[in-house]
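Residue numbering for the sequence shown follows the UniProt record's numbering, beginning at 1 and increasing consecutively.
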Amino acid sequence: MRARPLVVFDRLDLWEWRFCQRVTHLSLYRPWRLTLKTASKLGDWPVWVLLIAAQPWLQPDGTWRMMQYSLIALVAVTVYKLVKTKLCRERPFITYLGGVHCGEPARDRYSFPSGHTMHAVMFSVLVAAHTPWLLPIVLPLSLLIAISRVGLGLHYVSDVLVGGVMGYGFALLSLYWMG
1 MRARPLVVFD RLDLWEWRFC QRVTHLSLYR PWRLTLKTAS KLGDWPVWVL LIAAQPWLQP
61 DGTWRMMQYS LIALVAVTVY KLVKTKLCRE RPFITYLGGV HCGEPARDRY SFPSGHTMHA
121 VMFSVLVAAH TPWLLPIVLP LSLLIAISRV GLGLHYVSDV LVGGVMGYGF ALLSLYWMG
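Next comes the structure, spelled out in structure tokens:
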């Protein structure tokens with residue numbers, strides 16, 4: 001038996017679906033679609049695993065940072081999965097079948113919050129705190145990852161915003177606890 005989504009999602013869906021519909025139609029243009037898909041694939045895990053693994057070479061206390069980033073990523077993904085499976089907001093392309101173009105297969109049925117955006121923001125804040133010279137690479141990539149989630153029809157804007165807030169919160173928590 002599937003859990004019923006919150007009523008607030010019904011209202012948000014109605015407010016956001018036209019915007020999602022317009023944005024996802026832009027992904028019908030091949031170069032833009034390929035850009036969004038590439039950003040989305042990088043945001044799956046490769047770029048963040050590479051960032052974690054590279055910590056010993058990026059800074060003097062890199063081994064400690066590698067453990068810190070790994071731990072907060074594990075905490076974040078655990079909380080994210082809990083929230084996502086409890087709130088059960090269906091993805092825009094499912095709710096508005098045919099009205100919102102899906103540019104990439106989804107891993108699951110639910111969209112709230114955006115895990116890709118959560119990780120992108122979380123690691124951007126950690127990079128800003130520990131290796132700010134990487135920001136010219138990480139910030140544009142993180143922004144493109146967030147845009148890709150809506151542009152591919154996988155998330156509503158509010159999913160991405162809440163994912164970003166969660167990522168920011170997890171980064172601050174990590175910096176508070178582990179410096």
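Note that the Cβ used here is the ideal one computed from N, Cα and C, for glycine as well.
Small disclaimer: the values here were computed from a predicted structure and weren't measured.
| Is it the case that the Cβ atoms of residue 84 and residue 110 are separated by a distance below 8 Å? | yes
May I have the straight-line CA-CA distance separating residue 56 from residue 28, to the nearest angstrom? 41 Å
Given residue 33, which residues of its chain have a CB within under 6 Å of its CB, disregarding the five upstream and five downstream residues? 27, 103
> Name the DSSP beta bridge partners of residue 90, please?
Replying inline: 110
Please confirm whether residue 162 and residue 112 have their CB atoms less than 8 Å apart. With a cutoff of 8 Å on beta-carbon distance, residue 162 and residue 112 are scored as near each other.
So, under 8 Å CB-CB, residue 43 and residue 130 are touching, yes? Tell me the CB distance rounded to an integer number of Å. Contact doesn't hold; Cβ gap of about 20 Å is too wide.
*Could you check the C-alpha separation between residue 1 and residue 60 for me, to the nearest Å?*
In this prediction, residue 1 has a pLDDT of 44, which is less than 50 and means its spatial position is unreliable; what the coordinates show is noted afterwards. If I take the Cα positions, the gap works out to 51 Å.
If the criterion is Cβ atoms closer than 8 Å, does the pair residue 114 and residue 75 meet it? no
field: residue 55 - containing alpha helix (DSSP H), residue span
entry: 46 to 58
- Give me the Cα-Cα distance between residue 71 and residue 153, rounded to the nearest whole angstrom. 30 Å
Q) If you count every other CB in all the chains shown that lies within 10 Å of the CB of residue 92, and 16 or more means buried, which is it? A) buried
**OP:** Go to residue 136, then tell me how far its alpha helix (DSSP H) extends in each direction, as first and last residue.
**Re:** Segment 135 to 151, the alpha helix (DSSP H) holding residue 136.
- Task: Whole angstroms is fine: what's the gap from residue 137's alpha carbon to residue 47's?
- Result: Their backbone Cα atoms lie some 11 Å apart in a straight line.
*Less than 8 Å separating the beta-carbons of residue 148 and residue 36?*
yes
- Item | Coarse secondary structure for residue 104, derived from DSSP in three states | coil
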